[in-house]
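Q: Note that the UniProt record's numbering has the sequence shown beginning at 1, numbered continuously upward.
Just so you know, even glycine gets a beta-carbon here, dropped at the ideal spot from N, CA and C.
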Amino acid sequence: MRRDRPWISALVPLALLFVPSSGLVVTARAQDLASKVEEFLEARVQQDRFSGSILVARDGKVLVRRGYGMASLEHGVPNSPETKFRLGSITKQFTAMAVMILQEQGKIDVHEKIKKYMPDSPAAWDEITVRHLLTHTSGIPSFTGFADYPSMMRRHMALESLVGSFKDKALEFQPGDRFAYSNSGYVLLGFLIEKVSGKPYATVLQESIFDPLGMKETGYDNPIPVLKHRASGYAARGPFRVNASFIDMTIPHAAGALYSTVDDLYLWDQALLTETLLPKAAREAMFTPDKKDYGYGWSIAKKYGRRTVAHGGGINGFVTHILRFPDDEVCVIVLSNVEGTRVDAMAQDLAAIALGEKPMKPGERKEAKPSRKETSLLKEKS
Numbered sequence: 001m002r003r004d005r006p007w008i009s010a011l012v013p014l015a016l017l018f019v020p021s022s023g024l025v026v027t028a029r030a031q032d033l034a035s036k037v038e039e040f041l042e043a044r045v046q047q048d049r050f051s052g053s054i055l056v057a058r059d060g061k062v063l064v065r066r067g068y069g070m071a072s073l074e075h076g077v078p079n080s081p082e083t084k085f086r087l088g089s090i091t092k093q094f095t096a097m098a099v100m101i102l103q104e105q106g107k108i109d110v111h112e113k114i115k116k117y118m119p120d121s122p123a124a125w126d127e128i129t130v131r132h133l134l135t136h137t138s139g140i141p142s143f144t145g146f147a148d149y150p151s152m153m154r155r156h157m158a159l160e161s162l163v164g165s166f167k168d169k170a171l172e173f174q175p176g177d178r179f180a181y182s183n184s185g186y187v188l189l190g191f192l193i194e195k196v197s198g199k200p201y202a203t204v205l206q207e208s209i210f211d212p213l214g215m216k217e218t219g220y221d222n223p224i225p226v227l228k229h230r231a232s233g234y235a236a237r238g239p240f241r242v243n244a245s246f247i248d249m250t251i252p253h254a255a256g257a258l259y260s261t262v263d264d265l266y267l268w269d270q271a272l273l274t275e276t277l278l279p280k281a282a283r284e285a286m287f288t289p290d291k292k293d294y295g296y297g298w299s300i301a302k303k304y305g306r307r308t309v310a311h312g313g314g315i316n317g318f319v320t321h322i323l324r325f326p327d328d329e330v331c332v333i334v335l336s337n338v339e340g341t342r343v344d345a346m347a348q349d350l351a352a353i354a355l356g357e358k359p360m361k362p363g364e365r366k367e368a369k370p371s372r373k374e375t376s377l378l379k380e381k382s
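#1: The alpha helix (DSSP H) with S281 in it runs from where to where?
#2: Would you mind stating whether H229 and I90 have Cβ atoms separated by less than 8 Å?
#3: List the DSSP bridge partners of H136.
#4: Any chance the segment 78 to 89 sits against the segment 227 to 242, with 3 or more Cβ pairs inside 8 Å?
#5: The beta strand (DSSP E) with L63 in it runs from where to where?
#6: Determine the DSSP secondary structure at T276, reduced to helix, strand or coil.
#7: Between which two residues does the alpha helix (DSSP H) harbouring T341 extend?
#8: Could you tell me which residues DSSP pairs with residue 393 in its beta bridges?
#9: Could you have a look at K169 and say whether DSSP puts it in helix, strand or coil?
#10: Quick one: what does DSSP say L227 is sitting in, helix, strand or coil?
#11: Less than 8 Å separating the beta-carbons of G76 and S53?
#12: Assuming residue 429 contacts A96 under a Cβ cut-off of 8 Å, what Cβ separation, rounded to an integer in Å, is found between them?
#13: Confirm, please, whether the CB-CB distance from Y259 to D221 is below 8 Å.
#14: How should K92 be labelled, buried or exposed, when 16 other C-beta atoms within 10 angstroms of its C-beta is the threshold for buried?
#15: Given a threshold of 16 other Cβ atoms within 10 Å of its Cβ, counted over all protein chains shown, does G317 qualify as buried or as exposed?
#16: Got a sec? Which residues, its chain only, sit under 7 Å from S51 by beta carbon, not counting five neighbours each side?
#17: Roughly how many whole angstroms lie between the Cα atoms of L33 and H156?
#18: Quick one: what's got a C-beta closer than 6 Å to L24's C-beta in the same chain, skipping five residues either side?
#19: Report the rounded CA-to-CA distance for L192 versus G60, giving the unit in angstroms.
#20: Exposed or buried, which one is F166 when buried takes at least 16 other CB atoms within 10 Å?
#21: For the 8 Å Cβ check, are there 3 or more pairs between the segment 110 to 119 and the segment 207 to 219?
#22: Please return the same chain residues whose Cβ sits closer than 7 Å to the Cβ of F94, not counting the five positions on each side in sequence.
#23: What first and last residue would you give for the beta strand (DSSP E) that runs through I101?
#24: With a threshold of 16 other CB atoms inside 10 Å of the CB of V242, please say whether the residue is buried or exposed.
#25: Alpha helix (DSSP H) containing S197: first to last residue?
#26: Out of curiosity, what's the CA-to-CA distance linking Q174 and G106?
#27: Considering only residues of the same chain and omitting the five flanking positions on each side of L73, which have a CB-CB separation below 8 Å?
#28: Let me confirm a value: V19 is counted as buried when at least 16 other C-beta atoms fall within 10 Å, else exposed. Which label applies?
#29: Answer yes or no: do A202 and L171 have a C-beta to C-beta separation smaller than 8 Å?
#30: Can you tell me whether P141 is helix, strand or coil according to DSSP?
#31: Quick one: using the 10 Å Cβ neighbour count with 16 as the cut-off for buried, is R237 buried or exposed?
#32: According to the Cβ coordinates, are L265 and I322 closer than 8 Å?
#33: My guess is that L189 and A254 are in contact by the Cβ rule of under 8 Å, so how many angstroms apart are they, rounded?
#34: Straight-line CA distance for T308 to A352?
#35: Quick one: grab the DSSP three-state call for S51.
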């Protein structure tokens, strides 16, 4: 049995005498920011009935990590930092990282045409490169926009069958001409990952990303195994919450099938500041915007005169957002288990506080709430 050691706490005030004054200033600033974040969250949570988990960090220090609302309304289980949420399209940044790691290993080249890795691909795809898939500039239509998708999402499908659902569709434009968000493109990246590695997509991510980073609470969401701290997903119906519509998790695949926690996503954020997974040049390629300010699995923009990299996600019952200011080492992660929640707005306001800026007041934002179609049919954007 672990025993408390009161002599350690007795030494803390003495130890503080030897801490440089700059260290005390940093600690005081972190405490002040944490208080402001907490105050903002209490008001916002009461106003919007937010359900989910949040982490806010700056300069390598976690300011706030908390759960709000219920992970399971049926069983009265509250959300916590340990709660696992389906990520939706935040999955795409992990898919992109897996591709870049395989490129470092010499197994794939993002500038090569996908025909090299898929000799039997249709003629319409002849000019499509791996990079086109990464940047949503391939012209391949997103299968989540097909008329039969509401019934399709309930079916268990092998990856080849899933790719087959859009393989013979006409391109929406010539590869590289413009940007059009495509879940098909990222499912196809998952297919290529399996082709060139000889391993299942989930195994590649586990071995090349999750295990090296110690992300023990992250994985491909297979609903069959019992998963501790798994949140249930809900939709709002006026003042009521109802269970989200069903989706078979073979459908989102490399475009949106992962689950994680705020703590694991913060490990991910911190790794992206280092060369743990990729050398600097390769990481910079991921964060270099193409059309529509989109890199490889990330949206690149500027806010308050600072560079941001971010992405949102939405899948039946869940909406998610990760917002990073890498040059300021600010990271905000908001995961919710209620469709339609404005997690992007909440992340922006929390980032503003962490940066010493003013968050927007309720009613100041002009953006419309995302529709149920946008969130439950995996048609989310960053």
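A: On the basis of the coordinates in this document:
#1: Translated into the one-based positions of the sequence shown, residue 281 becomes position 281. The sequence given here places Ala at residue 281; Ser does not occur at that position. First-last of the alpha helix (DSSP H) with A281: 280 to 286.
#2: Numbered from its first residue, the sequence shown carries residue 229 at position 229. Numbered from its first residue, the sequence shown carries residue 90 at position 90. No, they are not a contact pair.
#3: Taking the first residue of the sequence shown as position 1, residue 136 is located at position 136. BP columns for H136 are empty, so no partner.
#4: yes
#5: Residue 63 sits at position 63 when you count from the first residue of the sequence shown. Element bounds for L63: 61 to 68.
#6: Start at 1 with the first residue of the sequence shown, and residue 276 comes out as number 276. It is coil, neither helix nor strand.
#7: Translated into the one-based positions of the sequence shown, residue 341 becomes position 341. Run containing T341: none; DSSP gives neither H nor E here.
#8: Not covered by the structure: residue 393. The range shown for the chain is 1 to 382.
#9: In the sequence shown, the residue the question calls residue 169 occupies position 169. Coil.
#10: For the purposes of this step, residue 227 is taken as the residue at position 227 of the sequence shown. L227: coil per DSSP, three-state reduction.
#11: Reading the sequence shown from its first residue, position 76 is the one you call residue 76. Reading the sequence shown from its first residue, position 53 is the one you call residue 53. It is not a contact, given that the beta carbons lie outside the stated cut-off.
#12: Nothing in the structure corresponds to residue 429, since the chain is present only between 1 and 382.
#13: In the sequence shown, counting from the first residue as 1, residue 221 sits at position 221. In the sequence shown, counting from the first residue as 1, residue 259 sits at position 259. Yes. Within cutoff.
#14: In the sequence shown, the residue the question calls residue 92 occupies position 92. K92 comes out buried.
#15: Along the sequence shown, read from residue 1 onward, the residue named residue 317 stands at position 317. By the 10 Å Cβ count, G317 comes out buried.
#16: One-based indexing of the sequence shown puts residue 51 at position 51. Result list for S51: Y68, G69, M70, N79, S336, N337, V338, in chain order.
#17: Sequence index remark: in the sequence shown, residue 33 carries index 33 (1-based). Sequence index remark: in the sequence shown, residue 156 carries index 156 (1-based). Cα-Cα distance, rounded: 46 Å.
#18: Along the sequence shown, one-based indexing puts residue 24 at 24. With a pLDDT of only 35 at L24, under the threshold of 50, the placement of this residue in the model should not be trusted, and no figure is reported.
#19: To locate residue 192, count along the sequence shown from 1; it is residue 192. To locate residue 60, count along the sequence shown from 1; it is residue 60. Roughly 35 Å separates the two Cα atoms.
#20: Taking the first residue of the sequence shown as 1, we reach residue 166 at position 166. Result: buried.
#21: no
#22: Within the sequence shown, numbered from 1, the residue matching residue 94 stands at position 94. Hits under 7 Å: L205, I209, L258.
#23: As a position in the sequence shown, residue 101 is number 101, starting the count at 1. Here I101 belongs to no beta strand (DSSP E); instead the alpha helix (DSSP H) covers 91 to 104.
#24: Translated into positions along the sequence shown, residue 242 becomes position 242. Flag for V242 reads exposed.
#25: Position 197 of the sequence shown, counted from the first residue, corresponds to residue 197. Per DSSP, S197 belongs to the alpha helix (DSSP H) from 183 to 197.
#26: Taking the first residue of the sequence shown as position 1, residue 174 is located at position 174. Taking the first residue of the sequence shown as position 1, residue 106 is located at position 106. If you take the alpha carbons of Q174 and G106, they lie about 28 Å apart.
#27: Locating residue 73 in the sequence shown gives position 73, counting from the first residue. Excluding sequence neighbours, L73 sits near S232, Y234, R241.
#28: By 1-based counting over the sequence shown, the position of residue 19 is 19. A caution first: V19 carries a pLDDT of 37, below 50, which makes its placement in the model unreliable, though a value can still be read off. Exposed, since its Cβ has fewer than 16 Cβ neighbours within 10 Å.
#29: Against the sequence shown, residue 202 aligns to sequence position 202. Against the sequence shown, residue 171 aligns to sequence position 171. For A202 and L171, no; Cβs fall outside 8 Å.
#30: Residue numbering aside, residue 141 sits at position 141 when the sequence shown is read from its first letter. Reduced to three states, the DSSP call for P141 is coil.
#31: Position 237 of the sequence shown, counting from 1, holds the residue named residue 237. Exposed.
#32: The residue you call residue 265 lines up with position 265 of the sequence shown. The residue you call residue 322 lines up with position 322 of the sequence shown. Contact flag set, yes.
#33: Here residue 189 is taken as the residue at index 189 of the sequence shown, counted from 1. Here residue 254 is taken as the residue at index 254 of the sequence shown, counted from 1. Right, their Cβ atoms sit about 6 Å apart.
#34: Taking the sequence shown and counting its residues from 1, the one referred to as residue 308 is at position 308. Taking the sequence shown and counting its residues from 1, the one referred to as residue 352 is at position 352. In a straight line, the C-alpha of T308 is about 12 Å away from that of A352.
#35: The residue you call residue 51 lines up with position 51 of the sequence shown. It is coil, neither helix nor strand.
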